[in-house]
Structure formats: structure tokens, C-alpha cells
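Asker: Here it is, the structure, as C-alpha cells.
Residue numbers (our numbering): 377 to 636.
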């Protein structure tokens, strides 16, 4: 097959973020006739995505690995892309996608609009900017690591062995109807979720080792109020769009200030 020509390509590091971008774009596209958006990510049958691509969408949102799968099958053509967006570009580096990103970019036409969205600008991103962008303009929405003023921040000093007990005490406060808890590791996320569940607090963990179905189910249940606590790794911090979230707890303090 010749493959579907794409007009706009958006690359995102995680499935959750790719799905969120797709949903937001579809809402915007609903006001304009004829604009279709397709999301390509791992964990979903590729045949279903190929069927969606046959409808000739103008916008493709994809994780780098799954996009490469489609490139190998020749179900997508990138030589007519007019706009490309790298969302959370620094996270792409953290997750080891940089080689896939470079491969994808090599397949794009020379003349196009390229946008990098990134919370931080590590040297690797600046190298990528220098090699890929012509006379770029830098737009900063806010100073790096600036906290949101309306959020009340607290630090609790506690021994490691008492962390879960303190977490339970915080959750018992009446105003904490739901909470998002961040851990440094996948194993840590599973353990915290298990410990909370044993103590009668409805909780679920979400991280890269969980299946796509499990991740989406946990997130949907949390948003619907069916579970009270969602435990996530730092890597999942971006792409979780939860309205009116009253409490976020860093079970482990992130090693990178920007992640916090």
C-alpha cells in the first residue's frame, strides 16, 4: 500500500499524553468539517490503527515506537508533512526515544514548521534544536520551575519506614477526597497502592509496565471517583490531565526540580 499522507504530525512520549492530545484536537476539530485526527500508540491492535489511517486523517498523534512500526509497514507517509510537533521533548530523551525521533525527522520534508514543547532544555535538546531548526524563536510560558502561586506547598520530614503511615494520616483528613501520589519507581508505585488497598483505601498504580487497558482503566476510575488514590511514577507525571485535583503527594521527592 502507498500509505496515508500526513499533513501534521505530533509526537508524544507516552500513550496517556498521546490520547489526551488526540481528544483535545478532536474537540477543536469538531468545529471544522473534514479534519480527522488519528492516534497511534503501542498496546492497541495495529490493524485497527491501519483501518483508521485508511480514512486519510490530516493529523496524526503518535508515540515514536508505534510510528516507527507504521513506517516499516508503509502505512504512513511523512514526505508531505507541513507541521511537526515534539511534545515533552525532554521526556523523549529520558525515555530513550531520541534515536527514533531522529529517524522520523530524517523522513520529513526539509521545508516544514517544527515546534518543540519542553519543560526543560537539556544540552541534548539544544543540540537537536541547532541541527533541526532554522532561525528558531524561543517562547517561554513561565520561568523554569516556577511554582503555581495558588497551590499550598508543604514538606513533611519522616523516616522511610513511617512514610506509608504518614500518607494514610494525610489521606484521613476530610478535605483530601482524592489524591495523586508520585513515586520514583514502578515497584514503589505498586507497593504503595497495595499498602493503601490493604488499609481500606481504594487505590491503583499506573506506570510503564502496566498494560494499556490497565492504565486507562485506573485513570478512568480515578477521574470518575471510583478509586480515591492514583499512584504514578514520575514518568507518568506529564499527560495526566485531572480536573479539580485537591491533593498531590510526592512519596519520593523527585531528583529533578523541573519534575516537581
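We put the beta carbon where it would ideally sit given N, CA and C, even for glycine.
1) Let me check one thing: in DSSP terms, what residues is residue 598 bridge-paired to?
2) Would you list the residues sitting across from residue 450 in a DSSP beta bridge?
3) Residue 574 to residue 580, Cα distance in whole Å?
4) Can you tell me which of the three DSSP states residue 468 falls into?
5) If you pair each beta-carbon of the region 469 to 483 with each one of the region 440 to 453, do three or more pairs fall below 8 Å?
6) Could you pull out every residue in the same chain whose Cβ sits closer than 6 Å to the Cβ of residue 462, ignoring the five residues on either side in sequence?
7) Is residue 402 near residue 415, with beta carbons less than 7 Å apart?
8) Rounded to a whole number of angstroms, what is the C-alpha to C-alpha distance between residue 377 and residue 450?
9) Leaving out five residues before and five after residue 431 in sequence, what residues of the same chain have Cβ atoms less than 7 Å from its Cβ?
10) Could you check what DSSP says for residue 571 in three-state terms: helix, strand or coil?
11) When DSSP labels each residue in this structure, what does residue 507 get in the three-state scheme?
12) The alpha helix (DSSP H) with residue 542 in it runs from where to where?
13) Looking at the unbroken beta strand (DSSP E) that takes in residue 555, where does it start and where does it end?
14) Using the rule of at least 16 other Cβ atoms within 10 Å of the residue's Cβ for burial, across every protein chain shown, is residue 631 buried or exposed?
15) Could you name the residues of the same chain whose beta carbon sits closer than 8 Å to that of residue 476, not counting the 5 residues immediately before and after it, in chain order?
16) Contact between the region 531 to 550 and the region 620 to 628 is defined here as three or more beta-carbon pairs at a separation below 8 Å; is this criterion met?
17) Measure from the alpha carbon of residue 655 to the alpha carbon of each residue in 405, 618 and 589, then state which is nearest.
18) One question on the structure: do residue 384 and residue 426 come within less than 7 Å of each other, judged by their Cβ atoms?
19) Let me check one thing: in DSSP terms, what residues is residue 473 bridge-paired to?
20) Using the C-alpha atoms, what's the distance from residue 496 back to residue 527?
21) Look up residue 489 in the DSSP assignment and say whether it is helix, strand or coil.
Answerer: Inspection of the coordinates gives the following:
1) Its beta-bridge partners do not exist; DSSP assigns none.
2) In DSSP, residue 450 forms no bridge with anything.
3) 12 Å
4) helix
5) yes
6) 387 and 492
7) Result no, Cβ atoms of residue 402 and residue 415 do not sit closer than 7 Å.
8) Confidence in residue 377 is poor, its pLDDT being 49 and thus under 50, which makes the residue's placement too unreliable to answer from.
9) 412
10) Here residue 571 sits in helix by DSSP.
11) helix
12) 539 to 548
13) 555 to 559
14) exposed
15) 440, 441, 443 and 444
16) yes
17) No answer is possible for residue 655: the residues shown for the chain start at 377 and end at 636.
18) no
19) Residue pairing of residue 473 in beta bridges, as defined by DSSP: absent, with no partner found.
20) 21 Å
21) In the displayed model, residue 489 falls within a strand according to three-state DSSP.
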